[in-house]
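Reading through the structure tokens given below for one structure.
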């Protein structure tokens, strides 16, 4: 999550789970007396949007890509996690949406909201604060770990690599980059993730092209040399399976 404060009101990126809303509101009040203004969703997943209704009740208008609203408006299933999610309440739906890009001028800064092609999902956007030189990538970047790619809503390994390339083209050497998961990072950190994604994609694609099944590829442990650094979060085997199915 990220917050911009100022006299035109607070801008909040993502809303976490509904159970966290009271603590989020307390934290926002402690930052400044500025009023609530804009909540921007980076994509549709529950851990980034479940608090929307509560933050809307606190005075935030919700911005997102149009597909985020479309997905939140109906029940959804995440097969990998055996989760079925209800549609969001009306107060949790974004009311300001866009297709490709949107620019906001807020608190003496300009913000670019730009849609990625399907990457982690088909709803992903980045938010770039020009003056502050801060880039929020949403879940197109898991800093320091293998990412989850939601193939059920359009995510692919190729899309994740393309999204990372797009973010790298926006970031400068001094840009502060906020991932969807993991610590604050730099362009150099993001480049390391891009190299990892490309390496895994290439290894899995070669094995798949040679006729190996998904389970055979997983059993060959194509990420073994990368696991000590990147395998601290999402399961390497699950990640390889997703790459195999979406390569």
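Residue numbers (my numbering): 426 to 672.
Using N, Cα and C, we set each Cβ at its ideal position, and we do this for glycine too.
Fair warning: this is a prediction, and the values are worked out from it, not measured in the lab.
Going by C-alpha to C-alpha distance, which of the options sits closest to residue i?
i: residue 452; options: 477, 426, 472; result: 426
i: residue 626; options: 638, 640, 609, 647; result: 647
i: residue 538; options: 544, 550, 546, 530; result: 550
i: residue 484; options: 555, 575, 434, 567; result: 434
i: residue 531; options: 429, 605, 623; result: 429
i: residue 518; options: 454, 478, 559, 440; result: 478
i: residue 667; options: 569, 573, 637, 624; result: 573
i: residue 678; options: 569, 640, 671; result: Any answer about residue 678 is impossible in this case: the structure gives the chain only from 426 up to 672.
i: residue 598; options: 523, 605, 560, 533; result: 560
i: residue 520; options: 547, 502, 464, 505; result: 464
i: residue 600; options: 584, 635, 612, 672; result: 612
i: residue 634; options: 672, 587, 525, 571; result: 672
i: residue 620; options: 606, 607, 583; result: 583
i: residue 563; options: 606, 623, 536; result: 606
i: residue 618; options: 587, 639, 644, 502; result: 587
Hey, would you say residue i sits closer than 8 Å to residue j, going by beta carbons?
i: residue 496; j: residue 565; result: no
i: residue 593; j: residue 616; result: yes
i: residue 466; j: residue 487; result: yes
i: residue 500; j: residue 489; result: no
i: residue 575; j: residue 545; result: yes
i: residue 457; j: residue 449; result: no
i: residue 581; j: residue 468; result: no
i: residue 534; j: residue 557; result: yes
Identify whether residue i lies in helix, strand or coil by the three-state DSSP scheme.
i: residue 669; result: helix
i: residue 493; result: helix
i: residue 558; result: coil
i: residue 461; result: strand
i: residue 469; result: coil
i: residue 433; result: coil
i: residue 644; result: helix
i: residue 540; result: strand
i: residue 567; result: strand
i: residue 674; result: Not covered by the structure: residue 674. The range shown for the chain is 426 to 672.
i: residue 523; result: strand
i: residue 534; result: strand
i: residue 510; result: strand
To the nearest angstrom, how far is the alpha carbon of residue i from that of residue j?
i: residue 664; j: residue 655; result: 11 Å
i: residue 630; j: residue 669; result: 7 Å
i: residue 401; j: residue 443; result: No information on residue 401 is available, as it lies outside the stretch 426 to 672 that the chain covers here.
i: residue 554; j: residue 595; result: 11 Å
i: residue 515; j: residue 482; result: 11 Å
i: residue 602; j: residue 431; result: 21 Å
i: residue 445; j: residue 632; result: 43 Å
i: residue 604; j: residue 438; result: 11 Å
i: residue 661; j: residue 653; result: 10 Å
i: residue 585; j: residue 523; result: 21 Å
i: residue 649; j: residue 480; result: 42 Å
i: residue 636; j: residue 642; result: 10 Å
i: residue 529; j: residue 658; result: 34 Å
i: residue 614; j: residue 493; result: 28 Å
i: residue 460; j: residue 552; result: 21 Å
i: residue 540; j: residue 640; result: 34 Å
i: residue 502; j: residue 567; result: 22 Å
i: residue 622; j: residue 473; result: 23 Å
Can you give the beta carbon distance from residue i to residue j, rounded, assuming they're within the 8 Å contact cut?
i: residue 462; j: residue 436; result: 6 Å
i: residue 510; j: residue 471; result: 6 Å
At least one CB of chain C closer than 8 Å to the CB of residue i: is that the case?
i: residue 495; result: In the displayed structure, chain C is absent; only one protein chain is listed.
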